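Some notes on the structure that comes next.
2 protein chains.
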Amino acid sequence: MRRTSRQIFVGNVPVGGGAPVSIQSMTNVPTRDADAVLGQISRLAAAGCQIIRVAVDAVEDAPAMKRICEASPLPVVADVQFSLASGLAALEAGAAAIRINPGLCGNGDELKQVADAVLRHHAAIRVGANSGSIKPARIAEKIAAGRSGEEALAEALSDAALAQCEALERLGVHSIKAAIKASDVGITVAANRRFAARCDHPLHLGVTEAGTPAMGIVKSAIGIGALLLDGIGDTIRVSLTADPVEEIYAARKILSGCGIRRERPEIISCPTCGRTGIDLPGLVARVEALIEELRSSGRGVELDRVAVMGCPVNGPGEARGADLGIAGSRNRELVIFEKGKVLGAYPFEQGWKHFRELLLEHAVPSQK
Amino acid sequence: MRRTSRQIFVGNVPVGGGAPVSIQSMTNVPTRDADAVLGQISRLAAAGCQIIRVAVDAVEDAPAMKRICEASPLPVVADVQFSLASGLAALEAGAAAIRINPGLCGNGDELKQVADAVLRHHAAIRVGANSGSIKPARIAEKIAAGRSGEEALAEALSDAALAQCEALERLGVHSIKAAIKASDVGITVAANRRFAARCDHPLHLGVTEAGTPAMGIVKSAIGIGALLLDGIGDTIRVSLTADPVEEIYAARKILSGCGIRRERPEIISCPTCGRTGIDLPGLVARVEALIEELRSSGRGVELDRVAVMGCPVNGPGEARGADLGIAGSRNRELVIFEKGKVLGAYPFEQGWKHFRELLLEHAVPSQK
């Protein structure tokens with residue numbers, strides 16, 4: 006059951022309230038180099054990015070932000086860490102949203118300036134709490150009240166985000182989404198669950214400083230995935246120390262893995278075992294290459310699941326949910342099956358050719 | 006809070022009852038080639054595998070199983086899919102456990118044969134339910150009772166596993182662990198939660214047919230990770246269509262990502278952004294290479310977390326939990342910090358040298 010959150014818009018992208026979970030990233034070239042930023046945004050959009058965040062650190066970034074916001078195919082969120090003035094300038098420049106954190110501007114006069122600018126420009130606000138935005142005193146209080154260090158941090162993060170959301174509401178701002186991130190996955194999940202149970206603001210999910218691609222994808226998949234499986238989360242960003250396009254691929258895999266937005270067709274393959282009589286990784290690679298070839302020629306495959314299995318045990322039986330499947334047999338034959346029904350067994354290359362034809366029968370012009 | 010499960014032993018490895026979560030894999034060379042199987046087990050053990058599963062499909066596999074069980078550094082679980090007789094022969098040959106599924110031998114006479122053999126050999130049983138072992142009629146019943154297709158499958162999987170565990174208990178077997186796997190992550194998580202709430206048998210976690218490494222790691226991280234974060238799970242296997250050693254690396258990353266068994270030191274790094282003035286992926290790679298170099302010379306680093314950050318914003322603040330950290334600044338300097346305290350800023354190469362020395366001060370002979 007998906008959490009019921011209120012719907013806001015970041016530019017033309019709906020977030021929350023039943024809208025599809027959207028994918029975000031952040032540019033990592035200097036903001037003042039508007040051409041480089043726009044080039045990166047194009048590549049990200051082509052990969053599937055739907056909302057883009059750009060760092061603004063100084064009011065001098067404003068002219069570049071203006072060009073970026075005008076030319077970007079995606080709504081731009083101005084990321085403010087150092088200077089509130091630069092955030093206000095970014096809203097003036099056309100940013101669809103501004104990202105602030107409770108540590109930057111508190112809940113007083115500075116927040117009122119942000120709220121007024123956001124209302125004037127019909128923009129949205131992302132309240133982004135992370136471990137760096139919590140006052141150590143808050144954590145100490147919670148520990149004194151009997152919480153473990155992790156519980157204290159999770160509660161303090163959630164409370165800080167909620168307090169800033171409430172302060173913004175009192176200032177008349179309702180287009181608010183929140184992001185609560187820690188580099189510890191368990192703390193991230195606990196803090197988001199706590200927040201989700203206490204209000205209806207849409208949530209942006211992510212694990213902060215997830216690390217290098219190999220480890221970062223795993224940490225993000227656990228944290229973002231655990232929350233999405235619980236029905237929590239309206240937009241996601243996978244943080245990786247890598248080309249941001251990798252973040253989009255990882256985000257798509259997480260959404261697909263959670264069954265939220267399946268990559269079509271999803272390829273199901275078994276781990277090989279002592280029963281495997283064929284080169285299964287090689288066969289899977291052939292299937293992936295075939296689908297990739299179709300994609301790069303602007304076509305998709307109208308099938309939900311394609312199974313590639315090592316042996317007939319796990320073939321038609323375990324993969325009965327697959328629309329089309331292929332399984333090796335001990336004597337290097339290929340068994341082809343469709344929705345759990347075996348169509349036949351063929352010598353390897355003949356079987357591959359037949360499977361390829363069956364798959365191509367489902368090729369369609371792809372929809373963007 | 007971790008689920009309280011009963012403790013069993015698979016060979017000398019405790020599973021459940023507060024034992025550390027163990028890592029498993031399965032050999033994928035023909036079982037009759039005992040040398041090849043043993044070679045693979047050695048490589049898997051060196052990578053961190055603690056329990057190994059080997060397919061037995063025919064009684065003719067028994068002599069090879071005998072050699073494998075005698076020489077294996079890891080306890081061997083015999084995987085039975087086709088022939089119950091081969092499983093009984095594997096127990097005779099010295100397997101520490103046998104893996105059966107509710108679809109193979111039901112809960113009647115055949116199960117009694119398994120139970121008697123397990124008791125005679127002081128072995129354990131893994132009840133492994135997957136989507137292939139459920140009778141379609143069971144699912145139809147649940148759907149008729151108002152469940153969705155996914156709920157029906159999750160409940161049927163959990164119920165089938167539990168029924169077989171209960172049947173085994175009635176036959177006097179208590180060393181039982183269960184594995185409930187589907188290729189759909191949400192169904193896997195729901196089925197395991199249901200089972201976990203109804204009994205105290207330890208759980209082996211995994212997502213079946215997770216697929217190629219790229220997608221399989223993501224699906225496994227979500228499914229296994231979501232359950233581990235809930236305190237459910239006593240031993241894990243990541244299924245990948247790849248060299249099984251890759252499964253061990255992935256399993257280690259998942260345990261580390263959940264904070265259960267952190268790779269030491271854990272490397273925290275930020276995604277780069279417009280503020281990054283240095284080649285952060287390059288710097289992270291240097292840090293990883295340094296730690297890998299120590300590992301391959303039999304040393305470890307006595308630090309829990311090392312942070313490698315792109316800019317001073319996310320440096321000492323967000324990474325205050327890091328024992329040692331390094332952050333780039335816009336003018337290509339490196340800022341070094343220890344437990345949130347800045348030690349100083351240095352020209353890039355000088356800073357790297359200083360950081361390297363500080364890290365090496367914590368190098369210790371590693372414990373296996």
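Protein chains in written order, with my numbering: chain W, 6 to 373; chain B, 6 to 373. C-beta: ideal position from N, C-alpha, C; glycine also. These figures come from a predicted structure and were not determined experimentally.
Within the segment 29-100 of chain B, note down every full beta strand (DSSP E) run reaching 3 residues or more, in order along the chain.
56-61, 81-85
Between W/GLU354 and the rest of its own chain, which residues show a CB-CB distance below 8 Å, the 5 nearest in sequence each way excluded?
The residue given as residue 354 of chain W occupies position 349 in the first sequence. None.
Taking the alpha-carbon positions, what's the W/GLY26 to W/LEU208 distance?
Residue mapping note: residue 26 of chain W aligns to position 21 of the first sequence, counting from 1. Residue mapping note: residue 208 of chain W aligns to position 203 of the first sequence, counting from 1. Here residue 26 of chain W turns out to be Val, not Gly, going by the sequence shown. Roughly 10 Å between the two C-alpha positions.
Which residues in chain W sit within 9 Å of B/ARG198, going by Cβ to Cβ distance?
Start at 1 with the first residue of the second sequence, and residue 198 of chain B comes out as number 193. Here the premise fails: no neighbours, minimum Cβ distance about 10 Å.
Check whether chain B comes within 8 Å of W/ASN33, counting only Cβ atoms and requiring the distance to be less than that.
Locating residue 33 of chain W in the first sequence gives position 28, where the first residue counts as 1. Answer yes: the Cβ-Cβ gap between W/ASN33 and chain B drops below 8 Å somewhere.
Does the distance from the C-beta atom of B/GLY262 to that of W/VAL190 stay below 8 Å?
By 1-based counting over the second sequence, the position of residue 262 of chain B is 257. By 1-based counting over the first sequence, the position of residue 190 of chain W is 185. Yes, they are a contact pair.
Pull up the distance between the alpha-carbon of B/GLY264 and that of W/GLU115, whole angstroms please.
Reading the second sequence from its first residue, position 259 is the one you call residue 264 of chain B. Reading the first sequence from its first residue, position 110 is the one you call residue 115 of chain W. Rounded to whole angstroms, B/GLY264 to W/GLU115 spans 37 Å at the Cα level.
Give the DSSP bridge partners of B/ARG300, in chain order.
In the second sequence, residue 300 of chain B corresponds to position 295, counting from 1. Partner(s): none; B/ARG300 has no beta bridge.
I'd like the span of the beta strand (DSSP E) that includes W/SER274, first residue to last.
For this step, residue 274 of chain W is matched to residue 269 along the first sequence. 271-274 is the extent of the beta strand (DSSP E) around W/SER274.
Coil, strand or helix - B/LEU308 by DSSP
Counted from its first residue, the second sequence places residue 308 of chain B at position 303. Note: B/LEU308 maps to coil in three-state DSSP.
Over the uninterrupted alpha helix (DSSP H) stretch that includes W/GLY228, give me the two end residues.
Translated into positions along the first sequence, residue 228 of chain W becomes position 223. Start and end: 218-234.
Name the DSSP bridge partner or partners of W/HIS127?
Start at 1 with the first residue of the first sequence, and residue 127 of chain W comes out as number 122. According to DSSP, W/HIS127 bridges with nothing at all.
The beta strand (DSSP E) that contains W/ILE331, what's its start and end?
Numbered from 1 along the first sequence, position 326 holds the residue referred to as residue 331 of chain W. Element bounds for W/ILE331: 329-333.
Length-filtered (3 minimum) beta strand (DSSP E) runs lying within the segment 129-159 of chain W
129-135
Under 8 Å between C-beta atoms of B/GLY333 and B/ILE272
The sequence position of residue 333 of chain B within the second sequence is 328, counting from 1. The sequence position of residue 272 of chain B within the second sequence is 267, counting from 1. It is not a contact, given that the beta carbons lie outside the stated cut-off.
Closest residue to W/CYS110 among W/PHE200, W/GLN169, W/PHE360 (Cα-Cα distance):
Indexing the first sequence from 1 puts residue 110 of chain W at position 105. Among W/PHE200, W/GLN169, W/PHE360, the Cα nearest to that of W/CYS110 belongs to W/GLN169.
If you run the structure through DSSP and keep just helix, strand and coil, what is B/ARG325?
Locating residue 325 of chain B in the second sequence gives position 320, where the first residue counts as 1. B/ARG325: coil per DSSP, three-state reduction.
Suppose you measure from the CA of B/LYS373 to the CA of B/ARG48; what does that come to, to the nearest Å?
If you number the second sequence from 1, residue 373 of chain B lands on position 368. If you number the second sequence from 1, residue 48 of chain B lands on position 43. Because the pLDDT of B/LYS373 is 44, which lies under 50, any placement of that residue in the model is unreliable, and the question is left without a value.
Our contact map puts B/ALA142 next to B/PRO107 with C-beta atoms below 8 Å; I'd like the distance itself, whole angstroms only.
Sequence index remark: in the second sequence, residue 142 of chain B carries index 137 (1-based). Sequence index remark: in the second sequence, residue 107 of chain B carries index 102 (1-based). Actually they do not touch by this definition, with Cβ atoms about 14 Å apart.
For W/VAL311 and B/VAL59, I'd like the C-alpha separation in whole angstroms.
Counted from its first residue, the first sequence places residue 311 of chain W at position 306. Counted from its first residue, the second sequence places residue 59 of chain B at position 54. About 27 Å.
How many Å lie between W/THR193 and W/ILE227 at the Cα?
Translated into the one-based positions of the first sequence, residue 193 of chain W becomes position 188. Translated into the one-based positions of the first sequence, residue 227 of chain W becomes position 222. Their Cα atoms are separated by approximately 10 Å.
Just reading off the alpha helix (DSSP H) that B/ILE253 is part of, what are its end residues?
Translated into positions along the second sequence, residue 253 of chain B becomes position 248. Taken as a continuous stretch (DSSP letters only), the alpha helix (DSSP H) holding B/ILE253 covers 249-262.
If I measure Cβ to Cβ from B/VAL306 and keep anything under 7 Å in the same chain, skipping five residues before and after, which residues do I get?
Within the second sequence, numbered from 1, the residue matching residue 306 of chain B stands at position 301. Cβ neighbours of B/VAL306 beyond the five flanking positions: ARG269, PRO270, ILE296, LEU299, LEU364, HIS367, ALA368.
Pair within 8 Å by beta-carbon distance, W/VAL119 and W/ALA100
For this step, residue 119 of chain W is matched to residue 114 along the first sequence. For this step, residue 100 of chain W is matched to residue 95 along the first sequence. The answer is no: Cβ separation not under 8 Å.
Regarding B/LYS182 and the ligand PLP, is the C-beta to nearest heavy atom distance less than 7 Å?
Questions concerning the ligand PLP fall outside what the structure shown contains, since it holds no ligand whatsoever.
Cβ shell of W/ALA95 (< 6 Å), same chain only, five flanking positions each side left out
Along the first sequence, read from residue 1 onward, the residue named residue 95 of chain W stands at position 90. The residues are VAL61, MET70, ALA83.
Which residue's Cα is closest to the Cα of B/ASN17: B/ALA51, B/GLN55, B/MET31?
Your numbering for residue 17 of chain B matches position 12 in the second sequence. Here the closest residue by C-alpha is B/GLN55.
Residue range of the alpha helix (DSSP H) that B/HIS209 falls in?
Residue mapping note: residue 209 of chain B aligns to position 204 of the second sequence, counting from 1. Run containing B/HIS209: none in the alpha helix (DSSP H); it sits in the beta strand (DSSP E), 208-210.
Counting only Cβ-Cβ distances shorter than 7 Å, please list the residues of the segment 257-290 of chain B near chain W, keeping chain order.
LYS258, ILE259, GLY262, CYS263, GLY264, ILE272, ILE273, SER274, CYS275, PRO276, THR277, CYS278, GLY279, ARG280, THR281, LEU285, PRO286, VAL289
Check the DSSP bridge columns for W/ARG104 and list the partner residues they point to.
Mapped onto the first sequence, residue 104 of chain W falls at position 99. The partner list for W/ARG104 (beta bridge, DSSP) reads W/ASP84, W/ARG131.
Assigned secondary structure, W/THR246 (DSSP; H/G/I helix, E/B strand, else coil)
Numbered from 1 along the first sequence, position 241 holds the residue referred to as residue 246 of chain W. If DSSP states are grouped into helix, strand and coil, W/THR246 belongs with coil.
Residue range of the beta strand (DSSP E) that W/VAL340 falls in?
The count along the first sequence starts at 1 and reaches residue 340 of chain W at position 335. Per DSSP, W/VAL340 belongs to the beta strand (DSSP E) from 338-343.
Quick check: the segment 242-256 of chain W against the segment 284-291 of chain W, are there 3 or more CB pairs under 8 Å?
no
Considering just the uninterrupted stretch of the alpha helix (DSSP H) at W/GLY356, what are its terminal residues?
To locate residue 356 of chain W, count along the first sequence from 1; it is residue 351. First-last of the alpha helix (DSSP H) with W/GLY356: 353-365.
Just to confirm the assignment, what range does the alpha helix (DSSP H) spanning B/ALA196 have?
As a first step, residue 196 of chain B is located in the second sequence; it is residue number 191 there, counting from the start. Note, B/ALA196: alpha helix (DSSP H), 190-201.
Closest by CA to W/PHE87, which one among W/SER302, W/ILE144, W/GLY137?
One-based indexing of the first sequence puts residue 87 of chain W at position 82. Selected option, being the one with the closest Cα: W/GLY137.
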